[in-house]
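Have a look at the structure below, then the notes.
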Amino acid sequence: MSELGALPVQAYLAACLLAGAIGLWLGRVAWLDRDEPGTTEVALYLLCGGGISLLYAVRVAAASELAMVVALNLSTPLVAAVPGVWMAFVLAFSGHDQWRTENRTVALAVLPFVWVLAAWSSATHGLSRRSLSAVTEGPFTLLSFGPGLVDAAFVLYAYGLCVAGILVVIDLYRRTGNRYRLQTFVILLGTLFPLLGGVVTLVDVGSYAHLAWYPTGLVVHGVFLYGTVFWLGTLDAAVVARDTAVEVIQDPVIVAGSDGRIRDLNPAAEALLSPDALGASLSDVFPRLEVGVEHPISIDDRQFDIQEDPITDPRGTDRGHVFLLRDVTERERRQTELERREAELERQNERLEDFAGVVSHDLRNPLAAATAAVELARYGDGDTEEALDRAANAHERMDDLIEGLLSLATAGKSVDSLDRVSLDGTTRRVWSRLETADATLSVGGSDVTALADGDRLEQLLSNLFRNAIEHAGDDVTVRVEIDRGDDGVTLRVADDGPGVPPEKRSQVTERGVSLGGGTGLGLAIVGDIAEAHGWSLSVGESEAGGAEFVISGIEPADD
0 MSELGALPVQ AYLAACLLAG AIGLWLGRVA WLDRDEPGTT EVALYLLCGG GISLLYAVRV
60 AAASELAMVV ALNLSTPLVA AVPGVWMAFV LAFSGHDQWR TENRTVALAV LPFVWVLAAW
120 SSATHGLSRR SLSAVTEGPF TLLSFGPGLV DAAFVLYAYG LCVAGILVVI DLYRRTGNRY
180 RLQTFVILLG TLFPLLGGVV TLVDVGSYAH LAWYPTGLVV HGVFLYGTVF WLGTLDAAVV
240 ARDTAVEVIQ DPVIVAGSDG RIRDLNPAAE ALLSPDALGA SLSDVFPRLE VGVEHPISID
300 DRQFDIQEDP ITDPRGTDRG HVFLLRDVTE RERRQTELER REAELERQNE RLEDFAGVVS
360 HDLRNPLAAA TAAVELARYG DGDTEEALDR AANAHERMDD LIEGLLSLAT AGKSVDSLDR
420 VSLDGTTRRV WSRLETADAT LSVGGSDVTA LADGDRLEQL LSNLFRNAIE HAGDDVTVRV
480 EIDRGDDGVT LRVADDGPGV PPEKRSQVTE RGVSLGGGTG LGLAIVGDIA EAHGWSLSVG
540 ESEAGGAEFV ISGIEPADD
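Just so you know, we're using numbering that gives the first Met the number 0 here: the sequence shown kicks off at 0 and counts up by one.
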């Protein structure tokens, strides 16, 4: 044979040898690093493809028919294994491990096993590889044989598995969205090479009818699979969890791989996290989202419960975690509102008890005094006018108690709406409405507009002013200071009277406590109004030695 005529043989041998070397080398590399789903199948696919290519090179280069037959028989189990390995890879890669049962694996292996036995024993029955002989086609010396019944069954089986695998990959392509379509597209593209190579081998479309083109096609397909798994990255956690993290779910779903990096986000999670979250470390993007966290967490004024589920393969290997964030903002709001109402109900119950105590005790005393005075005026021999004055004083005290009780009943109710009020203007207006005799008022500090219930703020100031006049005398000087700081507005009401003894300062705002014979409700009302607003009330000594009441935590109105 001339050197020019040998060129096709040399080129084909070089292609087979190169494909075989690549297949065996990449197969070994994949076998040594088969931790991810599908890597074992990729290794086996490459090893089978590389072995088939090398053995086919032996068939082309062999000088005797016996060597060709031996190489053919050695490659037969490898060819028989390829369809099953391909299907196993597709199921592993797409996360359908539930389909990879032992019974199904054995069922899929029955026909290839029968075909291998039939091919090896074809000389005795003719069900496979009939009329096996060496033929010469141009520069090639190749084995020629006619397909038998078992061969046809295996070809249908092989192409059936090939098509089934393609359909599974197409389904994976459809349900994984744009994020993983590159991987699935590469797999489908690689499938064309062995598929078309097998068709060209079976159908005479060229000058060499008995020359096989599928061995190198298998290796090329294996390289595509290798590149998908080891270079582009397997879908591991994302695919296994895909049925959980569906695109249409309204709650955010975050899928993290075993390396702690975010592998998948559904649209709700994408809207919640930063655009570059995908592929980043979970601890960096979301440091509070940790395995085992169950309590609600706050994100952008929304609250979420966290449900965490591990992702494991059939061998129990950790593949990552799925985090489902359930929006419980409304639930927590209702819970907060319920707690607020329970606290308010508890305060109302306390006020009701106080009301009952005042009615049963404090009102009974002046009522008894008034009754006795009336009886004395009616039947006694004493001064009738004095008795009636005593009865009038008792009635006046009862009137004060009733007015205080009515104010107490509403003072501690929760504040549902806030008004923009001027503290300086409100202070002066309340003072102008009172009978202040010779008392004087001075207001210092800036005029701050605050958020408060206007009516109850006026009642608070009115009670403090009356308390100063009643305990410090008609000529008392009342000083009001308004300070605005970083923690809100502070309102100070001080007088130059006798003040409150240090041991009594923590008690004067309790119901029924009075240092000068009053009803004991005025300062209690002040305390309830402050508490209803969320303010703090403290009692101290003024610069003039009198009493000083400090209300802090008042919220300023936005300018």
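Glycine is no exception: its CB is placed at the ideal position from the N, C-alpha and C atoms.
The region 102-114 and the region 29-42 do not touch, with fewer than three beta-carbon pairs separated by less than 8 angstroms. Secondary structure remark: continuous alpha helix (DSSP H) runs of at least 4 residues inside the region 433-480, in chain order: 453-471. Leu166 and Ser63 have their C-alpha atoms some 43 angstroms from each other. From the listed residues Asp96, Ser143, Asp557, Val488, the smallest Cα separation to Leu536 is found for Val488. Note that the C-beta distance between Leu217 and Gly48 is below 8 angstroms. By the Cβ rule, the region 323-330 counts as touching the region 301-311, because three or more pairs are nearer than 8 angstroms. Between the beta-carbon of Arg504 and that of Gly539 there is about 7 angstroms, and that keeps the pair under the 8 angstroms contact cut.
Within a 10 Å sphere around the beta-carbon of Glu385 sit fewer than 16 other beta-carbons, which makes this residue exposed. Annotated three-state conformation of Gly256 is strand, per DSSP.
Annotation for Gly189: His220, Phe223 place their beta carbon closer than 6 angstroms to its own, counting only its chain and skipping 5 residues before and after. For His470, the closest alpha carbon among the candidates Leu456, Ala276, Asn265, Pro500 is that of Pro500.
No Cβ-Cβ contact shorter than 8 angstroms links Thr215 with Ser74. Of the other Cβ atoms in all chains shown, fewer than 16 fall within 10 Å of the Cβ of Glu341; this residue is therefore exposed. As computed with DSSP, Glu540 is found in a beta bridge with Ala546. Contact between the region 133-149 and the region 76-92 is absent: fewer than 3 CB-CB pairs across the two stretches fall below 8 angstroms. Less than 8 angstroms divides the Cβ of Leu142 from the Cβ of Met67.
When the five nearest sequence neighbours on each side are left out, the beta carbons in the same chain lying within less than 7 angstroms of the beta carbon of Trp30 are those of Ala42, in order along the chain. Bridge partners of Leu142 according to DSSP: Ala133. Linking Ala449 to Leu459 through their CA atoms gives a straight-line distance of about 15 angstroms. In its chain, beyond the 5 residues on either side, Leu45, Tyr225 have a beta carbon closer than 6 angstroms to the beta carbon of Leu25. Annotation: Ala493 is outside any alpha helix (DSSP H); the continuous beta strand (DSSP E) that includes it extends over 487-494.
Boundaries of the beta strand (DSSP E) around Glu307: 301-311. Boundaries cannot be given for Ser273, as no alpha helix (DSSP H) includes it and DSSP labels it neither H nor E. A straight-line Cα-Cα distance of about 56 angstroms links Val162 and Gln334.
Annotation: Val321 is outside any alpha helix (DSSP H); the continuous beta strand (DSSP E) that includes it extends over 317-326. Per DSSP, reduced to three states, the secondary structure at Arg262 is strand. In this structure, the CA atom of Asp527 is about 51 angstroms from the CA atom of His320. Listed in chain order, the non-local C-beta contacts of Gly496 below 8 angstroms within the same chain comprise Ala467, His470, Ala471, Gly472, Val475, Gly545, Ala546, local neighbours out to five positions each way being set aside. Taking C-alpha positions only, Ser416 is separated from Ala451 by approximately 8 angstroms. Restricting attention to Ser445, Gly453, Asn462, Asp250, the CA atom closest to the CA of Glu434 is found in Asn462. Distance from the Cα of Phe144 is smallest, within the candidate group Tyr158, Tyr156, Leu126, for Leu126.
Shown here, Pro555 sits in a strand according to DSSP, grouped into three states.
Going by DSSP, Arg103 is part of the alpha helix (DSSP H) stretching over 101-119. Per DSSP, reduced to three states, the secondary structure at Asp423 is helical.
The three-state reading of DSSP puts Asp482 in strand, counting E and B together.
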